[in-house]
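Student:
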Amino acid sequence: MELREVAASVYACLQEDRGLGCSNSGLINHGPGLVVDTFWDLPHTREMIGLYADVWAQPAAHVVNTHHNGDHCWGNQLFPESEIIGHRLCAESFEDFPPDVTEALRLATDSEDPAIRDFAEKLAPWDFSGIELTPPTRLVEDRLDLELDGLPLEILYVGPAHTMGDVIVHLPEQRVVFAGDILFYRCTPISWEGTFERWIAALDRIIAFEPEVVVPGHGPICGTEGPESLKSYLFYVRDEAKCSFEAGIPVLEAAKKMDLGPFADWTEPERLVFNIERVYRELRGDSVDAPIDALTLFRQMYELSQSRNG
Ligand SMILES: [Zn+2]
């Protein structure tokens with residue numbers, strides 16, 4: 416984990432991309448201070464707070480959750496004095512989390528299903544004990560404008576793109592965007608609820624700001640080449656998957672035969688399964704918040720990675 420100053424008194428806390436859950440956070444250390452996203456568990460969030468404590472006089476008064484995935488908000492409780500800000504649909508999605516992840520993981524570790532055991536192994540670096548879900552209480556609809564000691568800051572709703580309640584944080588004067596999981600850079604994105612159209616529009620919105628620095632939800636810091644590259648991936652996968660859909664090819668088969676071309680060296684390529692499934696959902700006309708059979712998709716991801724490695 417590394418603290419990087421990306422503009423005057425604006426920091427990114429970056430976790431190296433080692434797979435699932437290695438998200439980034441941000442600190443705007445002006446006035447009362449604002450943190451963008453906490454981490455997936457309490458030990459990692461404590462480490463992040465330790466890095467921020469080197470530069471802040473007191474903990475930030477505001478915490479923004481870019482969306483509800485645990486790797487962006489399960490450390491919220493370590494900011495007991497702060498106001499937690501998020502989109503209304505982000506706050507509502509907190510109710511979907513399983514009540515006891517630690518117990519579920521223990522069962523998964525002993526599973527007879529190799530895909531489930533593999534998934535449990537990927538989660539082994541994380542310690543989900545003691546988490547008390549702490550959803551946002553200050554809710555955003557379309558946008559929320561704040562000023563931190565004279566510095567303007569925009570929290571903008573761009574979902575449903577990666578999830579229902581996606582927001583980005585834009586610092587227009589400093590030309591910095593904290594993109595949350597609207598941007599995965601050099602790592603494969605994963606589609607939950609939302610549409611390709613909204614996701615591409617969200618990336619276009621970031622590009623239109625002409626930012627000097629974009630901090631992605633996952634992957635290294637970049638400029639506009641980051642959102643441009645993810646746009647190319649989304650267009651490519653959508654077009655290829657549409658052909659497979661029209662030919663009646665099931666999701667996993669479509670994933671196995673898709674040549675990832677320039678995107679093949681992005682980490683976690685097997686997440687392609689989620690992205691193809693998203694295309695199929697859209698083409699079937701499913702509603703954007705239709706339930707996702709994540710267990711089946713994680714199994715198929717495992718099968719895809721086995722077939723590619725073998
Ligand atoms: Zn994430």
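Plus 415 on top of the position in the sequence shown (first one is 1) and you've got our numbering.
By construction, the Cβ of each residue, glycine as well, lies at the ideal position given by its N, Cα and C atoms.
For Glu631, which three-state DSSP category applies?
Tutor: For this step, residue 631 is matched to residue 216 along the sequence shown. Looking at the sequence itself, residue 631 is Pro, so the reference to Glu does not match. If DSSP states are grouped into helix, strand and coil, Pro631 belongs with the strands.
Student: In the DSSP assignment, the beta strand (DSSP E) including Gly595 goes from what residue to what residue?
Tutor: As a working note, residue 595 is residue 180 in the sequence shown. Element bounds for Gly595: 591-599.
Student: Of all residues in the structure, which have a C-beta closer than 6 Å to any heavy atom of ligand 1, taken in chain order?
Tutor: Residues flagged by the Cβ proximity filter: Ser438, Asn484, Asp486, His487, Asp596, Gly632, His633.
Student: Counting beta carbon pairs with one atom in the stretch 542-560 and one in the stretch 588-598, are three or more of them shorter than 8 Å?
Tutor: Cβ pair count under 8 Å is below three, so no.
Student: Mind the definition here: the stretch 683-698 touches the stretch 602-617 only if three or more C-beta pairs lie below 8 Å; say whether that holds.
Tutor: As far as the Cβ criterion goes, the stretch 683-698 touches the stretch 602-617, which means the pair count is three or higher.
Student: Quick one: residues in its chain with C-beta nearer than 6 Å to the C-beta of Met673, no 5 flanking neighbours on either side, listed in chain order?
Tutor: Locating residue 673 in the sequence shown gives position 258, where the first residue counts as 1. Taken in chain order, the residues that qualify are Glu655.
Student: DSSP beta-bridge partners for Ala422?
Tutor: Indexing the sequence shown from 1 puts residue 422 at position 7. Per DSSP, Val425.
Student: Name the residue from Ser644, Thr517, Asp533, Tyr426 whose alpha carbon lies nearest to the alpha carbon of Val470.
Tutor: Sequence index remark: in the sequence shown, residue 470 carries index 55 (1-based). Nearest C-alpha to Val470: Tyr426.
Student: Mapping DSSP to helix, strand and coil, what is Leu508?
Tutor: The residue you call residue 508 lines up with position 93 of the sequence shown. Correcting the residue identity first, residue 508 is Ser in this sequence and not Leu. Correct three-state label for Ser508: helix.
Student: So the alpha helix (DSSP H) Arg723 belongs to, where does it begin and stop?
Tutor: Numbered from its first residue, the sequence shown carries residue 723 at position 308. First-last of the alpha helix (DSSP H) with Arg723: 709-724.
Student: Taking Asp452 and Cys488 to be in contact with their CB atoms under 8 Å, please state how far apart those CB atoms are, rounded to whole angstroms.
Tutor: Residue mapping note: residue 452 aligns to position 37 of the sequence shown, counting from 1. Residue mapping note: residue 488 aligns to position 73 of the sequence shown, counting from 1. Confirmed, about 7 Å.
Student: Taking the alpha-carbon positions, what's the Gly490 to Val479 distance?
Tutor: For the purposes of this step, residue 490 is taken as the residue at position 75 of the sequence shown. For the purposes of this step, residue 479 is taken as the residue at position 64 of the sequence shown. Gly490 and Val479: Cα-Cα distance of roughly 12 Å.
Student: Which residues does DSSP pair with Thr524 in a beta bridge?
Tutor: The residue you call residue 524 lines up with position 109 of the sequence shown. DSSP lists no partner for Thr524.
Student: So is Thr481 buried or exposed if we call it buried at 16+ other beta carbons inside 10 Å?
Tutor: If you number the sequence shown from 1, residue 481 lands on position 66. Buried, because 16 or more other Cβ atoms sit within 10 Å of the Cβ of Thr481.
Student: On a Cα-Cα basis, can you pick out the residue from Glu612, Glu668, Leu649, Arg723 that is closest to Pro575?
Tutor: Walking along the sequence shown from the start, residue 575 turns up at place 160. Considering only alpha carbons, the answer is Glu612.
Student: Which whole-angstrom value is the C-beta distance of Asp475 and Leu449, which I expect to be below 8 Å?
Tutor: Along the sequence shown, read from residue 1 onward, the residue named residue 475 stands at position 60. Along the sequence shown, read from residue 1 onward, the residue named residue 449 stands at position 34. Checking the sequence, you will find Ala at residue 475 rather than Asp. Rounded, the Cβ-Cβ distance is 5 Å, consistent with contact.
Student: How is the beta strand (DSSP E) around Glu569 delimited, first residue to last?
Tutor: Position 154 of the sequence shown, counted from the start, is the residue given in the question as residue 569. Counting along the chain, the beta strand (DSSP E) containing Glu569 begins and ends at 566-572.
Student: Closest by CA to Cys428, which one among Gly436, Val628, Met416, Ala616?
Tutor: Position 13 of the sequence shown holds residue 428. Nearest of Gly436, Val628, Met416, Ala616 to Cys428, Cα basis: Met416.
Student: Which stretch, first to last residue, makes up the alpha helix (DSSP H) that contains Leu457?
Tutor: Locating residue 457 in the sequence shown gives position 42, where the first residue counts as 1. Note, Leu457: alpha helix (DSSP H), 457-467.
Student: Express the C-alpha separation of Leu554 and Ala506 in angstroms, rounding to a whole number.
Tutor: Residue mapping note: residue 506 aligns to position 91 of the sequence shown, counting from 1. Residue mapping note: residue 554 aligns to position 139 of the sequence shown, counting from 1. Taking the straight line from one Cα to the other gives about 8 Å.
Student: According to the Cβ coordinates, are Tyr695 and Gly641 closer than 8 Å?
Tutor: To locate residue 695, count along the sequence shown from 1; it is residue 280. To locate residue 641, count along the sequence shown from 1; it is residue 226. In this structure, Gly641 does not lie closer than 8 Å to Tyr695 by Cβ.
Student: Who are Thr682's beta bridge partners in DSSP?
Tutor: Here residue 682 is taken as the residue at index 267 of the sequence shown, counted from 1. According to DSSP, Thr682 bridges with Cys602.
Student: Assign Ser644 to one of three DSSP states: helix, strand, or coil.
Tutor: As a first step, residue 644 is located in the sequence shown; it is residue number 229 there, counting from the start. If DSSP states are grouped into helix, strand and coil, Ser644 belongs with the helices.
Student: Anyone know if the C-beta pair for Glu627 and Gly634 falls short of 8 Å?
Tutor: As a first step, residue 627 must be located in the sequence shown, where it is residue number 212. As a first step, residue 634 must be located in the sequence shown, where it is residue number 219. Result no, Cβ atoms of Glu627 and Gly634 do not sit closer than 8 Å.
Student: Using DSSP's beta-bridge definition, name the partner residues of Asp560.
Tutor: Locating residue 560 in the sequence shown gives position 145, counting from the first residue. BP columns for Asp560 point to Glu569.
Student: Taking only three categories from DSSP, how would you classify Val470?
Tutor: Walking along the sequence shown from the start, residue 470 turns up at place 55. Of the three classes helix, strand and coil, the one that applies to Val470 here is coil, per DSSP.
Student: Mind reading off the beta-carbon distance from Leu568 to Phe509? Whole number of angstroms is fine, and I expect it under 8 Å.
Tutor: By one-based count along the sequence shown, residue 568 stands at place 153. By one-based count along the sequence shown, residue 509 stands at place 94. Not really, about 24 Å apart at Cβ, beyond 8 Å.
Student: Excluding the five sequence neighbours on either side, which residues of its own chain have a C-beta within less than 7 Å of the C-beta of Ile464, listed in chain order?
Tutor: Indexing the sequence shown from 1 puts residue 464 at position 49. The residues are Leu493.
Student: Starting from the C-beta of His502, find all residues in its chain whose C-beta is less than 6 Å away, skip the five residues before and the five after it, and write them out in chain order.
Tutor: For the purposes of this step, residue 502 is taken as the residue at position 87 of the sequence shown. Hits under 6 Å: Val555, Tyr572, Gly580, Val582.
Student: For Gly436, count neighbouring C-beta atoms within 10 Å of its own C-beta (all shown protein chains included) and say buried if the count is 16 or more, exposed if not.
Tutor: For the purposes of this step, residue 436 is taken as residue 21 along the sequence shown, with counting starting at 1. Counting Cβ neighbours within 10 Å, Gly436 comes out buried, since at least 16 surround it.
Student: What do you get for Arg714, buried or exposed, if any count of 16 or more other CB atoms within 10 angstroms of its CB means buried?
Tutor: The residue given as residue 714 occupies position 299 in the sequence shown. By the neighbour-count rule (16 or more Cβ atoms within 10 Å), Arg714 is buried.
Student: What does the Cβ neighbour count give for Phe650, buried or exposed, with the cut at 16 atoms within 10 Å?
Tutor: Within the sequence shown, the letter at position 235 stands for residue 650. Exposed.
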